[in-house]
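J.:
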Amino acid sequence: MQKRKASADELIALILQGIEEVKGQNISLLDLREIENTVCDYFIICDGTSNTHVNAIVGSIQKTVSKAIKDKPWHVEGEDNGEWVLMDYVNVVVHVFQKHIREYYDIEGLWGDAKFTTVESSINQ
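The number in our numbering is simply the position in the sequence shown, starting from 1, with 4 added.
1. So what does DSSP say about D51, is it helix, strand or coil?
2. Below 8 Å, can you find three or more Cβ-Cβ pairs linking the stretch 38-52 to the stretch 68-85?
3. Please classify V69: does DSSP put it in a helix, a strand, or coil?
4. Alpha carbon to alpha carbon, how far is Q129 from L20?
5. Shortest alpha-carbon distance to E40 belongs to which of T122, A118 and D13?
6. Is it buried or exposed for Y46, if we count other Cβ within 10 angstroms and need 16 for buried?
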């Protein structure tokens with residue numbers, strides 16, 4: 005099967021679905037399109053409760069995206085320690101943190117000019 009080019013909206017929806025499948029927490033979407041010289045269009049940020057949970061979230065995202073649109077991340081970093089895993093889908097970059105690491109690096113604060121959206125989880129409703 006050949007992969008097809010998914011829209012950013014479709015990719016984001018699939019990534020969010022993958023996060024929710026394994027109960028990823030505190031999901032945020034940062035729209036970086038209005039900021040000059042950014043490396044991508046969107047950041048998706050979430051956290052897990054342990055290194056096992058972080059890696060489960062990453063695995064779920066990869067499985068969900070691959071199954072639906074036959075796409076895989078261009079690059080993945082941080083899986084060895086499971087504190088902060090970065091998944092690069094080129095125009096969408098996913099950051100999966102343990103909560104204390106997320107608070108320490110404060111990605112949302114560093115990208116304060118981005119349009120920030122908190123994603124309400126459909127699992128808890």
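Backbone N, C-alpha and C fix where the C-beta goes; we use that ideal spot for every residue, glycine too.
T.: Let me spell this out:
1. In the sequence shown, counting from the first residue as 1, residue 51 sits at position 47. D51 falls in the strand class under three-state DSSP.
2. no
3. Position 65 of the sequence shown, counted from the first residue, corresponds to residue 69. Here V69 sits in helix by DSSP.
4. As a working note, residue 129 is residue 125 in the sequence shown. As a working note, residue 20 is residue 16 in the sequence shown. Only weak support is given to the placement of Q129: the predicted model assigns it a pLDDT of 42, under 50, and the question is left unresolved by the model.
5. Taking the sequence shown and counting its residues from 1, the one referred to as residue 40 is at position 36. Closest option to E40, Cα to Cα, is A118.
6. Here residue 46 refers to the residue found at position 42 when the sequence shown is read from its first residue. Flag for Y46 reads buried.
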